[in-house]
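Numbering (the numbering used here), first residue to last: 1 to 262. Beta carbons are placed, not taken as given, at the ideal position from N, Cα and C, and that holds for glycine.
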Amino acid sequence: MNTMEIIMTRKSFRTFNGKKISEEDKNKLLSYTSTIDNPYNIPVDFVFLDGEEFDLSSPVIEGEDFYIAAKVPRVEHCEEAYGYSFEKMVLYAWSLGIGTTWIGGTLDREVFERAASTGDDEYMMIVTPVGYPSDNRTKVDVELRNTVKGDERLSKSQLFFEGDFSKPLDCDDDWIEAVRWAPSAANRQPWRIVKDQNMYHFFLEHSKGYSSNVGWDVQKIDIGIAICHFMCVMKGTLTVKEPSVDTDEYKEYIATVYCEDL
Numbered sequence: 001m002n003t004m005e006i007i008m009t010r011k012s013f014r015t016f017n018g019k020k021i022s023e024e025d026k027n028k029l030l031s032y033t034s035t036i037d038n039p040y041n042i043p044v045d046f047v048f049l050d051g052e053e054f055d056l057s058s059p060v061i062e063g064e065d066f067y068i069a070a071k072v073p074r075v076e077h078c079e080e081a082y083g084y085s086f087e088k089m090v091l092y093a094w095s096l097g098i099g100t101t102w103i104g105g106t107l108d109r110e111v112f113e114r115a116a117s118t119g120d121d122e123y124m125m126i127v128t129p130v131g132y133p134s135d136n137r138t139k140v141d142v143e144l145r146n147t148v149k150g151d152e153r154l155s156k157s158q159l160f161f162e163g164d165f166s167k168p169l170d171c172d173d174d175w176i177e178a179v180r181w182a183p184s185a186a187n188r189q190p191w192r193i194v195k196d197q198n199m200y201h202f203f204l205e206h207s208k209g210y211s212s213n214v215g216w217d218v219q220k221i222d223i224g225i226a227i228c229h230f231m232c233v234m235k236g237t238l239t240v241k242e243p244s245v246d247t248d249e250y251k252e253y254i255a256t257v258y259c260e261d262l
């Protein structure tokens with residue numbers, strides 16, 4: 001599969017067939033995660049965790065073989081870097097036929113952090129179970145997917161703009177769908193992109209009433225995922241320099257990707 005096919009066909013799985021990941025596939029994942037970088041140049045350290053060895057589980061997961069967690073230094077933009085790097089791993093896993101799902105809430109965080117040897121100066125924000133998808137999803141899996149409307153996305157006119165937020169972007173390029181179908185917490189899709197010639201300004205539209213008490217912003221992880229999808233399709237250079245774009249109280253500038261060739 002090419003990059004767009006991987007992005008467009010990948011779905012979250014919480015139900016696995018119970019078959020252990022082959023040593024070949026596990027070694028491929030280990031090798032790949034050691035090479036992942038991100039445009040923020042913030043190191044994201046992947047940790048492979050045997051569920052049985054560390055007594056790891058999640059009430060919404062069934063049939064998983066093991067888990068992958070990741071740790072990141074507690075620095076500015078760590079959430080975006082984390083989302084970008086973790087999604088690179090998720091997409092690569094799917095190219096091998098391996099299922100994943102982002103878990104940030106339905107887990108015993110202290111147990112996972114201890115298993116991953118998370119330092120006081122690090123965040124372990126997300127984990128994913130890793131396994132071969134089952135042909136039959138559990139009732140919980142189906143209900144969770146239906147609750148967040150996992151097979152639906154906001155329209156292009158709600159997400160992408162030209163010049164400022166008053167004009168929806170008229171564009172059908174691949175990157176549009178690549179970003180639209182990026183996964184996000186509760187499928188809230190908080191990214192908003194304003195195109196200005198060769199520059200693509202990424203904003204976070206904070207969901208009303210959505211807050212975090214863990215020290216980091218899960219919706220900034222979502223933006224990192226969206227930037228990952230964008231840069232998988234549109235090669236560019238990321239900078240953080242706020243543009244002159246009028247915003248409301250809910251929108252926060254995150255980053256700009258400059259694409260030399262259009």
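ask   = Taking the alpha-carbon positions, what's the Thr256 to Gln197 distance?
value = If you number the sequence shown from 1, residue 256 lands on position 256. If you number the sequence shown from 1, residue 197 lands on position 197. Approximately 12 angstroms between the Cα atoms of the pair.
task = Measure the Cβ-Cβ separation of Thr15 and Gly51 and say whether it is below 8 angstroms.
result = On the sequence shown, residue 15 is found 15 positions in, with the first residue counted as 1. On the sequence shown, residue 51 is found 51 positions in, with the first residue counted as 1. Not a contact, by the Cβ cut-off of 8 angstroms.
request  = Return helix, strand or coil for Leu96, following the three-state DSSP convention.
outcome  = Here residue 96 refers to the residue found at position 96 of the sequence shown. Leu96: coil per DSSP, three-state reduction.
task = Pull up the distance between the alpha-carbon of Ile21 and that of Ser207, whole angstroms please.
result = Taking the first residue of the sequence shown as 1, we reach residue 21 at position 21. Taking the first residue of the sequence shown as 1, we reach residue 207 at position 207. One C-alpha to the other measures close to 37 angstroms.
task = For Leu30, count neighbouring C-beta atoms within 10 Å of its own C-beta (all shown protein chains included) and say buried if the count is 16 or more, exposed if not.
result = The residue labelled residue 30 in the question sits at position 30 within the sequence shown. Leu30 should be labelled exposed.
request  = For Asp222, name the three-state secondary structure that DSSP assigns.
outcome  = Within the sequence shown, the letter at position 222 stands for residue 222. Here Asp222 sits in helix by DSSP.
query = On the premise that Phe161 lies in contact with Leu154, defined as a C-beta separation below 8 angstroms, what is that separation, rounded to the nearest angstrom?
reply = Against the sequence shown, residue 154 aligns to sequence position 154. Against the sequence shown, residue 161 aligns to sequence position 161. About 13 angstroms separates the two Cβ atoms, so there is no contact after all.
request  = Determine the direct distance from the alpha carbon of Ile126 to that of Ser85, and round the result to whole angstroms.
outcome  = By one-based count along the sequence shown, residue 85 stands at place 85. By one-based count along the sequence shown, residue 126 stands at place 126. Going from the Cα of Ser85 to the Cα of Ile126 covers about 12 angstroms.
ask   = DSSP beta-bridge partners for Val130?
value = Along the sequence shown, one-based indexing puts residue 130 at 130. The partner list for Val130 (beta bridge, DSSP) reads Phe66.
query = How about Ile254 and Ile223: do their beta carbons lie closer than 8 angstroms?
reply = Translated into positions along the sequence shown, residue 254 becomes position 254. Translated into positions along the sequence shown, residue 223 becomes position 223. Yes.
request  = Take Val44 as the anchor and find which of Phe54, Glu143, Lys71 has the nearest alpha-carbon.
outcome  = The count along the sequence shown starts at 1 and reaches residue 44 at position 44. The shortest C-alpha separation from Val44 is found at Lys71.
task = Quick one: give me the first and last residue of the beta strand (DSSP E) that Lys235 is part of.
result = By 1-based counting over the sequence shown, the position of residue 235 is 235. It is not in any beta strand (DSSP E) - Lys235 carries neither H nor E in the DSSP assignment.
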